[in-house]
Amino acid sequence: MSVYFRPLVQTGPSRPADALPLAGGPCWFTHVEALRRDGPPDIRPATALDDDTRARLTAARAPVCGLTMDAPRIMGILNVTPDSFSDGGAFDGFTQALRHALAMAEAGADMIDIGGESTRPGATPVPLASEIARTEPVIRAIASEITTPISIDTRKEPVARAAHAAGAALVNDVAGLTFDPALAPFCAAEGLPVCIMHAQGDPETMQDDPRYDDVLLDVHDWLSARVEALEQAGIPRARIVVDPGIGFGKTLAHNLTLLHGISLFHGLGCPVLLGASRKGFIGRLGRAPDADARAPGSIAVALAAAAQGVQILRVHDVSETAQALALWRAVTRGRP
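Quick note: the sequence shown, position 175, residue 175 per full-length UniProt numbering, numbers continuous.
Quick look at the structure:
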């Protein structure tokens, strides 16, 4: 049986001499949790890791869209849709979308993620032409105004092609480049970085009855297999970001298990993205039935992820998250 190694991540200046850097960033670890499917976990010193595992966990991640991965980066969410779970209809007009994108960049977003198809639980597919019409003009306008990198949130090659021509520099696919067989070859040919997310089922059915043998290890293995498949397709690991897919075919218990163990995914050798902002489990645990009242819970989850070395935080509340991260870093370091 395979053994999986989850670094027990720490931060701050009180760093032992034998501590290993996590993914080339400010976090570090001295021990790992060894996980297996056929037995209980155990704690081991990081010095006992084999060379390949150590290299995957410690090597600095390549920049994504020109952004270094040595500190948490904020990806601001811009849904140009009438039906997204949190902000559907708020920014589906051209002027509103452009204004919001510029405001997020000013507030501290390191990149802007633009989506024209809702993937909330129960959502139905959007026609190709409609998705392009929603996203392409907005991307073109934003790219003409600011230098902040733009990501296109899509499962479809024609949408990604139009978005890239308009100025998008990253493809963020909730289906992990499995929905449209033409998407991976396009990204490979254009040299585009990609974010691959795990989802069990499609948006229409994913929350009906999600089940796993071991959600943390199952999601890890799926992402690992996708990374290897994309490498074979011509997309190097250095251009791949992984996302465990909080809320996509997961129960509340599944989400919490993934968040608690999210440092496991650093072993894939890719930057890790977390998209938990305003999601249903935050509403349940935080007693906030309205999605737009979930900023405090979303920020709490984001800070917990940053403390485990997650490199990209995909959020609705950019200004609030940027402020929280600045204070978290200052307190962790004991200096501004």
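Even glycine gets a Cβ: it sits at the ideal position worked out from N, Cα and C.
Predicted model only: the values in this text are computed from it and were never measured.
- If you draw a straight line from the Cα of Thr154 to the Cα of Glu117, it comes to about 7 Å.
- Taking the Cα of Gly115 as reference, the smallest distance to any Cα among Arg15, Gly25, Pro82 is reached at Pro82.
- A direct Cα-Cα distance of roughly 34 Å separates Ala133 from Thr251.
- Where Ser151 is concerned, the enclosing beta strand (DSSP E) starts and stops at 150-153.
- By the Cβ-count criterion, Gly234 is exposed, with fewer than 16 other Cβ atoms from all chains shown falling within 10 Å of its own Cβ.
- Here the C-alpha atom of Gln200 lies approximately 10 Å from the C-alpha atom of Val174.
- Distance from the CA atom of Leu22 to the CA atom of Pro137, rounded to whole angstroms, is 39 Å.
- In the three-state DSSP reduction, Met1 falls in the coil class, being neither helix nor strand.
- In the three-state scheme derived from DSSP, where H, G and I count as helix and E and B as strand, Gln207 is classed as coil.
- Using a Cβ-Cβ distance cut-off of 8 Å, the region 315-324 and the region 280-290 are not in contact, since fewer than three pairs of beta carbons, one from each stretch, lie closer than that value.
- Here Glu33 carries a strand assignment [DSSP, helix/strand/coil].
- With fewer than 16 other Cβ atoms from the protein chains shown falling within 10 Å of its own Cβ, Gln232 counts as exposed.
- Excluding its 5 nearest sequence neighbours in each direction, Arg237 has C-beta neighbours in its own chain below 7 Å: Val227, Glu231, Gly269, Cys270, listed in chain order.
- For the set Val3, Ala71, Val215, the Cα lying nearest the Cα of Leu258 is the one of Val215.
- Residue pairing from DSSP places Trp28 in a beta bridge opposite Gln10, Pro21.
- Ile299 and Asn79 have their C-alpha atoms some 19 Å from each other.
- Beyond the five residues adjoining it in sequence on each side, Glu320 comes within less than 8 Å, by CB distance, of Ala295, Ile299 in the same chain, given in chain order.
- For Leu78, the uninterrupted beta strand (DSSP E) run begins and ends at 73-79, by DSSP.
- Scanning the region 34-70 for uninterrupted beta strand (DSSP E) segments of 3 residues or longer gives 39-45, listed from N- to C-terminal end.
- For Pro13, same chain residues with a beta-carbon under 8 Å away, outside a window of 5 residues either side, are Arg333, Gly334 in chain order.
- With respect to Pro7, His266 sits close: the two C-beta atoms are nearer than 9 Å.
- Inclusion of Thr148 and Ala105 in the CB contact set at 9 Å is warranted, their separation being smaller than that value.
- The Cβ atoms of Cys195 and Val241 lie closer than 9 Å to each other.
- In this structure, the CA atom of Gly39 is about 10 Å from the CA atom of Val3.
- Taking C-beta atoms as the reference points, Asp113 and Leu67 fail to come closer than 9 Å.
- The C-alpha of Leu35 lies about 29 Å from the C-alpha of Asp202.
- Within a 10 Å sphere around the beta-carbon of His260 sit fewer than 16 other beta-carbons, which makes this residue exposed.
- Gln10 has its alpha-carbon roughly 18 Å from the corresponding atom of Ala48.
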